[in-house]
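Numbering (numbering that gives the first Met the number 0), first residue to last: 0 to 273. Heads up, the beta-carbon is just placed ideally off N, CA and C, and yes, glycines get one too. Owing to the predicted nature of the structure, the values given are computational and were not obtained by experimental measurement. Have a look at the structure below, then the notes.
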Amino acid sequence: MALPLDRGQLLAAVERSPQAAAAHDREGWVGLFTADGSVEDPVGSRPHVGHTQIGHFYDTFIGPRDIKFHRDLDIVFGPVVLRDLVLEVTMGSAVTMHIPAVLRYGLREDLPGGLREANGHWRIAQLRAYWELPAMMLQFLRTGLRAASPALQLSRGLLTNQGLPGTAGFMTGFRRVGARHKRVLQTFLEAAARGDKPTALQRLSSSGPITLGDDDPLDATDLVEQLNGAGCTKMIGAGPTVAVSLNSARGRAIMFVDGTRRGNALNRIRYFPA
0 MALPLDRGQL
10 LAAVERSPQA
20 AAAHDREGWV
30 GLFTADGSVE
40 DPVGSRPHVG
50 HTQIGHFYDT
60 FIGPRDIKFH
70 RDLDIVFGPV
80 VLRDLVLEVT
90 MGSAVTMHIP
100 AVLRYGLRED
110 LPGGLREANG
120 HWRIAQLRAY
130 WELPAMMLQF
140 LRTGLRAASP
150 ALQLSRGLLT
160 NQGLPGTAGF
170 MTGFRRVGAR
180 HKRVLQTFLE
190 AAARGDKPTA
200 LQRLSSSGPI
210 TLGDDDPLDA
220 TDLVEQLNGA
230 GCTKMIGAGP
240 TVAVSLNSAR
250 GRAIMFVDGT
260 RRGNALNRIR
270 YFPA
């Protein structure tokens with residue numbers, strides 16, 4: 000019989016990531032991932048898969064920088080840990096950026112000999128970082144001439160560690176959902192918050208799945224009821240998805256929302272209550 004997952008052990012597994020990054024421990028950080036683990040940072044860019052590629056990611060983006068994690072909220076839902084935070088990224092002595100983000104860690108037990116039991120040794124199978132690359136670049140460029148040296152270092156690191164294909168893969172992170180998708184989502188959230196179910200339901204695609212977490216089906220009406228009185232504290236567009244942090248009398252939550260191709264309806268919703 001499977002035991003309930005231990006929230007403390009899952010959070011401890013996730014916490015080893017910022018600890019290793021702060022210590023500039025390359026081997027320790029890469030070793031936190033499963034052999035087939037992946038990093039998609041930001042979401043929308045090409046994922047780094049396996050220890051070799053994850054090591055190249057570390058060499059490009061983590062090793063040369065000082066990164067502090069200012070956490071606001073952790074949600075544990077099954078083997079998934081969500082972290083709502085602001086990343087403080089120092090690039091040299093002259094440039095420090097503050098990047099609103101939502102990190103999603105998909106964890107997997109990695110036990111010797113193929114053994115499977117609850118609360119074993121947890122590793123990261125998937126790290127997805129939701130943050131807005133265009134907004135980060137704008138913040139970076141606003142530092143003026145101070146950005147020149149860090150920009151050169153980043154460009155050199157991308158080409159050296161990942162080559163032209165990896166550099167192009169990172170640049171795909173600029174593609175994200177547009178303002179129209181966000182407006183539809185905002186209309187949905189505002190209608191749900193004031194209890195206007197008909198207006199809220201009109202913004203949902205008739206075929207799009209709605210789930211509690213990743214897999215458990217959730218009725219659209221039940222979701223709207225959950226969002227009654229909710230306010231949005233953060234909205235981040237990354238790749239095809241908008242990550243939303245919510246706060247209401249029911250508590251806090253994080254929701255991932257995909258839109259239809261035309262951006263006129265919400266096509267997939269994953270709701271993670273705290």
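Inter-residue CB distance, G207 and N266 (contact presumed, cutoff 8 Å): 4 Å
Near T186, what residues of its chain come up, given a Cβ to Cβ distance below 8 Å and the 5 sequence neighbours on each side ignored? T198 and R202
(request) Over the uninterrupted beta strand (DSSP E) stretch that includes P272, give me the two end residues. (result) L265 to P272
| When the distance is taken between beta carbons, is L102 closer than 9 Å to L84? | yes
Given R64, which residues of its chain have a CB within under 7 Å of its CB, disregarding the five upstream and five downstream residues?
V88, T89 and M90
- [ ] Could you check which residue in H23, T95 and E14 has the C-alpha nearest to that of V75?
- [x] E14
- Item | Cut-off 8 Å between Cβ atoms - residues of its own chain near P133, not counting five sequence neighbours on either side | F173 and R175
Output the distance between the C-alpha atoms of S37 and F56, rounded to the nearest integer angstrom.
-> 10 Å
CA-to-CA distance, R251 to F32, given in whole angstroms = 28 Å
Residues bridged to T198 [DSSP beta-bridge criterion]
Answer by DSSP bridge pairing: none, since T198 is not bridged.
| said: With a threshold of 7 Å on Cβ separation, who are the neighbours of G194 within its own chain once the five nearest residues in sequence on each side are excluded? | reply: N227
Environment of D40 [buried if 16+ CB atoms lie within 10 Å]
buried
Q18 burial status per 10 Å Cβ neighbour count (16 or more: buried)
exposed
Item checked: Residue from P99, V94 and I268 whose Cα sits closest to the Cα of R220 -> According to the sequence as given, residue 220 is Thr; it is not Arg. Checked all of P99, V94 and I268; the closest Cα to T220 is I268.
Three or more beta-carbon pairs under 8 Å between the segment 156-166 and the segment 128-144, yes or no? no
* **For V94 and L275, believed in contact at Cβ under 8 Å, the rounded distance** => Nothing can be reported for residue 275, as the shown portion of the chain is limited to 0 through 273.
(Q) So, for V256: in the same chain, excluding its five sequence neighbours on each side, which residues have a beta-carbon less than 6 Å away from its beta-carbon? (A) L184, V241, L265 and I268
Practice problem: Report the rounded CA-to-CA distance for E189 versus F271, giving the unit in angstroms. | Solution: 19 Å
* To do: Could you tell me which of G43, G62 and A20 sits nearest to Y129, measuring between CA atoms?
  => G43
Tell me, please, which residues DSSP counts as bridged to R145. Answer is none; R145 lacks a bridge partner.
Within 9 Å, strictly: CB atoms of G27 and H50: no
Using DSSP with H/G/I as helix, E/B as strand and the rest coil, what is T240?
strand
### Message
Short of 8 Å in beta carbon distance, which residues of its chain neighbour S16, apart from the five on each side in sequence? Order them along the chain.
### Response
W28, L31, Y104, I123 and L126
If I measure Cβ to Cβ from H47 and keep anything under 7 Å in the same chain, skipping five residues before and after, which residues do I get? S37, V38, I53, H55 and F56
Point to revise | For L4, the three-state DSSP class (helix, strand or coil) | key: coil
Using DSSP's beta-bridge definition, name the partner residues of H69.
V85
Determine whether the beta carbon atoms of L222 and I235 lie at a separation below 9 Å.
no
First and last residue of the alpha helix (DSSP H) that includes R175? No alpha helix (DSSP H) contains R175, which DSSP labels as neither H nor E.
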